[in-house]
Every structure is written in C-alpha cells, then in structure tokens.
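Residue numbers (this note's numbering), protein chains in the order written: chain A, 1 to 244; chain Y, 1001 to 1244. Glycine included, every Cβ here is placed at the ideal spot set by N, Cα and C. All values reported here derive from a predicted model rather than from experimental measurement. Everything below concerns the one structure shown next.
Number of protein chains: 2
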Amino acid sequence: MTVDLLSRQNCSDCPIRHRAVCARCSPEELDQLERLKTYKSFKAGDPILWRGDTLTYVASLVEGVATLGKTMEDGRTQMVGLLLPSDFIGRPGRSEIDFDVVAVTDLTLCCFQRKPFEALIGSTPHIAQRLVEMALDELDVAREWMLLLGRKTAREKIATFINMLVQRQHLSGAENDKRALVLPLTQEQIANYLGLTLETVSRQLSAMKKEGIVQFSDRRHFEVVDFPALHMATGDDSDGGMLV
Amino acid sequence: MTVDLLSRQNCSDCPIRHRAVCARCSPEELDQLERLKTYKSFKAGDPILWRGDTLTYVASLVEGVATLGKTMEDGRTQMVGLLLPSDFIGRPGRSEIDFDVVAVTDLTLCCFQRKPFEALIGSTPHIAQRLVEMALDELDVAREWMLLLGRKTAREKIATFINMLVQRQHLSGAENDKRALVLPLTQEQIANYLGLTLETVSRQLSAMKKEGIVQFSDRRHFEVVDFPALHMATGDDSDGGMLV
DNA sequence: AATTTTCCTTGATATAGATCAAAATATGAC
DNA sequence: GTCATATTTTGATCTATATCAAGGAAAATT
Chain A
1 MTVDLLSRQN CSDCPIRHRA VCARCSPEEL DQLERLKTYK SFKAGDPILW
51 RGDTLTYVAS LVEGVATLGK TMEDGRTQMV GLLLPSDFIG RPGRSEIDFD
101 VVAVTDLTLC CFQRKPFEAL IGSTPHIAQR LVEMALDELD VAREWMLLLG
151 RKTAREKIAT FINMLVQRQH LSGAENDKRA LVLPLTQEQI ANYLGLTLET
201 VSRQLSAMKK EGIVQFSDRR HFEVVDFPAL HMATGDDSDG GMLV
Chain Y
1001 MTVDLLSRQN CSDCPIRHRA VCARCSPEEL DQLERLKTYK SFKAGDPILW
1051 RGDTLTYVAS LVEGVATLGK TMEDGRTQMV GLLLPSDFIG RPGRSEIDFD
1101 VVAVTDLTLC CFQRKPFEAL IGSTPHIAQR LVEMALDELD VAREWMLLLG
1151 RKTAREKIAT FINMLVQRQH LSGAENDKRA LVLPLTQEQI ANYLGLTLET
1201 VSRQLSAMKK EGIVQFSDRR HFEVVDFPAL HMATGDDSDG GMLV
C-alpha cells in the first residue's frame, strides 16, 4: 500500500530497493533481507534517534520527511540533512550516531537489524559497493550545501533550497500536477537548514512571491511560476539557466 | 623513504594501507594492489583534478597537503575539504568529479587505475566495507563543517580550525615536539575553508595571539599555549573542555 | 465557535563581518 | 643584495543579516 512518491518505485515489497541496493540480489539474498526487515512508524515531531544513541538498526525511509540536525551547547542548531522517501538512515560499521534524526511528518521506516545487515554486506560485495556509492552521493550533497552555507546570500540560499525541492520532487514519480510542490518544512526549519533566521526566510520568501517567482496556494503547497528567474537567483548559473 | 607523518605508518610499501583498507587483505590481494599502483608527484599550486574531469584513477595521498574546492560562476569559492596524508581521493563507481582538487604543497599521490580497483572491490567485500566506513567518516566531517559554516562566529570558526589541526596532527605519529604544529594554508585559504574573508581571519588570529592562546614561530609554524581557552573558543563546549 | 498555540509577517534597530584602502612584512627570483 | 610578488596587518566605512518587538493569520484543541 505504501507507494513511494519520490522514487518511482513501489516499495511495499522490499523498501531497501529504494536506492537499488538489491537490484542485483539473488533470490536467496532477497529472502535473507526479507526476514531481517521490520516496519516502524513515527508521529510528526518524534525523535527517531538522538545524538549518542546506539544504532541497533539501519533503515530506509518509506514515507514521510525527517531531518538530520546538529545542536550546539548553547542551543544554536544546524540542519545537516533532509531525508525524503528512499533515503537511507544509519551507518554500517558504526555503532553510534552523532546527530539527531527527527520526524517532521508522520513517517514509516523499514528497518533492518544492523548486525545481520553488516554480515550480509561482508559477504555480498555488490551491496557494499552500492552503499559506497550512496555514501558518496550524500557526501556530494553535503559539499554542495557547504558552498551554500559558506558563500551564498540569503536570497541565493532560499532559491537554491526551492530549486532542490523542485529537483527532488520532479525526479520522483509523483505524476500529480507537474507544478504542484510540497514545502515539507516550517520557515523556522528552513532557516535551520540554510543557516539563517526565520525572519530572514520570511522576508526573502515574501520578496520572491511579490516578484512572481513562486506562488503559494497554502502554507505547505506552492508552485514555481518563473523558472529562469529562480535559476538566476540560485547564483549557480550566471545566465538564466537556459543552458541547463 | 616516504614516511607518512600523519598516519603513524610507514607507507612506502602500500599507501592504501593508510586507512587500513587492506589490513585484512590476503597476500594475493596485496599483490594485485601492488601491481595496480603508481606514484605521481605534483608541485605546490598544481591542479590535480578539475571539476568535470574524468576520473581514471583513485588515489591515496602519501605526502603533502591538498584542498577540495567548489567555485561559483562569479568567482566566490568555498573549500569543502582538506586532504592530509592518508586521505583518499576518488570515487569508486563514479566517473566524474564535481569539485577541484589542488595541491597546496608539493605532494605525492599513490594512484590506482579506477576500473581494476573497482573490480577488486566488487570481488573483495572487506575492501568495499572499509570504503563505506571511509566515506561515512568523510560525511561526518562534512556535516560537522556544515554546523561551523552555518552557525559559528568568526572566532569560533578559527578556534575550531586550529583545534582540528591539533587533533589531526596529534593523532598522527609525528613524534616531534608535541606542541609544534604546522599551519598548512595561507590566511586566504583558511578564509576559504571557513566561509570568511582573509581580513577577518587575520584579525581573529591576531586577537588569539594577543590573548596568549596561540603563538607563532613563523608564518607556518605555531603552538597552542592555552588549550582550555582554545576549547572554550570553539563553542563546542560550554565549559573549558575540562571534561574532554 | 471560542480559545490556545503555533507559525508567519513586518518594522525598527544593532552588529558582525564584508568591503575598500593602504601600508608593512615576508618570500622568492634574479 | 635588490627587486618583484605574495601575504599579512591595520584602519575606516558599509551593509546584509541578526536581533528585538509586536501584531496577525492559520491550525489545533476545547
């Protein structure tokens, strides 16, 4: 019943397929995965993992949105990742986590006990290989975000964030109205993701509405009206993104 | 002859051992690695890889310092990684790189052709497993840096940077004067790493000298005089770091 | 439907760090 | 050793964004 809106795949069967982890698995291997798997549900706002927690599971996000965040002693916080369906949580070969994972919406995880999962990796090179690629993909995303956090202006940050939502939601199979997009976070959470304050996020978003770049139907749903202007505003591209 | 100052290991033999990639390799596997391996040298300032380059090699940094950087169309740049001896360059399973790798000092790489290296991974689970762990370690570092870039003050950034140098150089086997540390970057490069301008770096470093936290013997060599104050200045710890 | 709470907007003001400018110091080349 | 270049320091000013403050709109709860 859980159709993964963001990964073009029905994943009620074997959620770890999300990222094609087991595209090349043999029937026996799939069977093994099948037996390890359990589902867990969380309510919006629930902490899934806390910094320092022992990792007994690795998991694949089936439905919903979660954030990865780091918090400083004095309360300043920085989001370091946004988890959408098909994303992977956990670190084979590591028993502790050093950031917080929090459910933003109600969500479902497909969990595998870490130990047997690691054993499986140890004997199945192509799964390990796939995990390397996934980790390196995440690393690319993190580095792109470092550029954003270190060098972009508030306006560029917002534009880049919206553009990322466009990309991740278009890549997905969501065959709804092509332009209808979901804003999964509050403005405070967006501020946390972008290294800004919520007031700055509000002002920049208002400006982009006024300029007719984006249009909101309600707080959580919007569409991009002027793609070239959005592209231009990201700072990634000196021209209007026409070449891409 | 090339003794790796930063990894407690003599690595003239099999540089990929740096990160214990092949600690569990059989003699035949070591032999295979041995045959794939070539050394390449670069001069300070040389570009090693350019964004968009095709990756024909993966490599391990034997000696010297290199930076990973991203550049925007208008010239703004953000360093996204600092490579010290024993660090790994390259992405098994990926043929293109999307940032620049530049030699900061003269350096030596130990290179393996990507294709055969990937084949080796495909048939050797424990190497693949080790690479997953390495990629996840890098991801942790990148996320820690995201917190720094998004939320820390200029002073906290500088203190954190110095503290990172202490940690990486102490972890290494460098059994020279315990306090003598190398500053491998110019202040402009540091600014690039921290999302600041060079003037701000200069001012903050001067302040920390004046306060007696650090002391420079020359531009590239310094020692930390007051560790508790340094810890305090990183912002990571509300107390003076006494508990760590 | 009324009330509470959460989320968003807008304005006024402050400030950390950027930018502009210039001199002082190193470093390297010849 | 001198000249040229790269790097660092310091000062004056500016500005983007934070901070402080308060009201309004939506959502959730009763």
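- Here the C-alpha atom of K1210 (chain Y) lies approximately 11 Å from the C-alpha atom of F1216 (chain Y).
- Look at the beta carbons and you see the region 37 to 49 of chain A touching the region 96 to 104 of chain A: at least three pairs across the two are nearer than 8 Å.
- A:F117 is the residue among A:V58, A:F117, A:L109, A:V182 whose C-alpha sits nearest the C-alpha of L33 (chain A).
- Within the region 1183 to 1241 of chain Y, the runs of beta strand (DSSP E) that reach at least 3 residues and sit entirely inside it are, in chain order, 1214 to 1218, 1221 to 1224.
- Taking L1230 (chain Y) as the centre and dropping the five residues before and after it, the same chain places the C-beta of A1159, I1162, N1163, I1213, V1224 closer than 7 Å to its C-beta, in chain order.
- Residue state for S123 (chain A) is assigned as helix, using DSSP reduced to three classes.
- The residue from Y:N1192, Y:R1051, Y:V1166, Y:E1188 with its alpha-carbon nearest to that of A1180 (chain Y) is Y:V1166.
- A distance below 7 Å separates the beta carbons of Q187 (chain A) and L198 (chain A).
- Shown here, P1047 (chain Y) sits in a strand according to DSSP, grouped into three states.
- Taking 8 Å as the upper bound for CB-CB distance, N1192 (chain Y) and T1077 (chain Y) are in contact here, some 6 Å apart.
- For M1232 (chain Y), no Cβ of chain A is located within less than 7 Å of the residue's own Cβ.
- Take the alpha-carbon of L107 (chain A) and the one of L84 (chain A): they are about 10 Å apart.
- Assignment of T105 (chain A) by DSSP, reduced to helix, strand and coil, places it in the coil class.
- By the Cβ criterion, the region 1048 to 1068 of chain Y is not in contact with the region 1124 to 1131 of chain Y, since fewer than three pairs of Cβ atoms, one from each stretch, lie closer than 8 Å.
- For K70 (chain A), the closest Cβ of chain Y is nearer than 7 Å.
- Contact annotation for Q1078 (chain Y) against chain A: M146, L147, G150, R151 [CB-CB distance below 7 Å, chain order].
- The distance from the Cβ of G93 (chain A) to that of V1080 (chain Y) is about 23 Å, inconsistent with a contact at the 8 Å cut-off.
- Within chain A, the residues placing a beta-carbon under 8 Å from that of H1126 (chain Y) are G122, ordered along the chain.
- Its Cα nearest to that of L1136 (chain Y), the residue A:I97 stands out among A:I97, A:T124, A:L147.
- Relative to A233 (chain A), the option among A:H221, A:G150, A:K157, A:E144 whose CA is nearest is A:K157.
- Interface annotation, P92 (chain A): in contact with chain Y, CB-CB separation under 7 Å.
- Taking 8 Å as the cut-off between beta carbons, the residues of the region 1132 to 1144 of chain Y near chain A are V1132, E1133, A1135, L1136, E1138, L1139, D1140, A1142, R1143, E1144, in sequence order.
- The C-alpha of P1228 (chain Y) is placed about 31 Å away from the C-alpha of L49 (chain A).
- Taking a 10 Å sphere around the C-beta of E73 (chain A), we find fewer than 16 other C-beta atoms and assign the residue as exposed.
- With a threshold of 7 Å between beta carbons, G1075 (chain Y) makes no contact with chain A.
- By the neighbour-count criterion, in which a residue is buried when 16 or more other Cβ atoms sit within 10 angstroms of its Cβ, T1153 (chain Y) is exposed.
- Closest in alpha carbon position to C110 (chain A), among A:F99, A:G52, A:G90, A:L120, is A:G90.
- Under the 7 Å criterion on CB atoms, Q129 (chain A) is classed as interfacial with respect to chain Y.
- Considering only beta carbons, the part of the region 1183 to 1216 of chain Y lying closer than 9 Å to chain A consists of N1192, Y1193, L1194, G1195, L1196, in chain order.
- Within chain Y, the residues placing a beta-carbon under 8 Å from that of D237 (chain A) are E1073, ordered along the chain.
- For the pair L68 (chain A) and F99 (chain A), the CB atoms are nearer than the 7 Å cut-off.
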